[in-house]
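Below: one structure, written as structure tokens.
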Amino acid sequence: MTNEAQHTSHITKFQHLLKLCIIFFFFFFRFGWDVPVILRNSEETLFNTRVFKKQMRQVKNPFGLEITNPSSASITTGITLTTDCLEDSLLTCYWGCSVQKLYEALQKHFYCFRISTPQALEDALYSEYLYQEQYFIKKDSKEEIYCQLPRDTKIEDFGTVPRSRYPLVALLTLADEDDREIYDIVSNFKILEAFL
1 MTNEAQHTSH
11 ITKFQHLLKL
21 CIIFFFFFFR
31 FGWDVPVILR
41 NSEETLFNTR
51 VFKKQMRQVK
61 NPFGLEITNP
71 SSASITTGIT
81 LTTDCLEDSL
91 LTCYWGCSVQ
101 KLYEALQKHF
111 YCFRISTPQA
121 LEDALYSEYL
131 YQEQYFIKKD
141 SKEEIYCQLP
151 RDTKIEDFGT
161 VPRSRYPLVA
171 LLTLADEDDR
181 EIYDIVSNFK
191 ILEAFL
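In this note's numbering, the protein residues as written are 1 to 196.
What follows is the structure, encoded as structure tokens:
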């Protein structure tokens, strides 16, 4: 290799090294020597970043609802629910509730008005359900309630997921209107489709 070829090779290597240094300089000038924000631990904060803290507060949920013996629940044989409520309440079960209408009703609940009564939910659903049953729940009583579609509906299943109708939607609401002023949580929705 001639001296001129070696000199050209060194210049080319030097140019590549210079380009890498410039890229390296601009990268660290732009992002700094610190780890990029995306890779940081969520507990770390930057000193120049304003962090807004939302005050958390504890609220009491007056509703408790569990499925008793989920393995025996089905569309044809029904389902047993156990309630445990801090106040007198209403359990309203909606069989075959429209998925789309329930989604719209929950959007209304979140953005427009609170659904605090079964009638408010039924209005928001535009009565898009197949069957409804309602039970009065006494305060602090762990009551087992058996829910079943009437046999004359002749429905054996609601198809595979994704469905157009939920098999069962349970709504717990406070029975006494005065209690609705005490609690921040005034209704409890449960979609029971995995068990049916």
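Each residue gets a CB set at the ideal place from its N, CA and C atoms; glycine is no exception. This one's a predicted model, so the numbers in the text were calculated from it and none came from an experiment.
Check: Do you know whose CA, among S164, Y111, L149, lies nearest A124's CA?; Outcome: Y111
Check: Just the C-alpha distance for F136 and R57, rounded to the nearest angstrom, thanks.; Outcome: 30 Å
Check: Straight-line CA distance for T148 to A120?; Outcome: The question names Thr, but residue 148 is Gln in the sequence shown. In a straight line, the C-alpha of Q148 is about 23 Å away from that of A120.
Check: Distance check for K190 and I75, CA to CA, integer angstroms please.; Outcome: 16 Å
Check: Could you tell me the distance, in whole angstroms, from the CA atom of S89 to the CA atom of A194?; Outcome: 25 Å
Check: Pick from D152, Y131, K101, E144: whose alpha carbon is nearest that of L65?; Outcome: E144
Check: Do V99 and S164 count as a contact pair if the criterion is CB distance below 7 Å?; Outcome: yes
Check: In angstroms, rounded to a whole number, what distance separates the CA positions of W95 and K53?; Outcome: 42 Å
Check: So, with DSSP's three-state summary, where would you put Q119?; Outcome: helix
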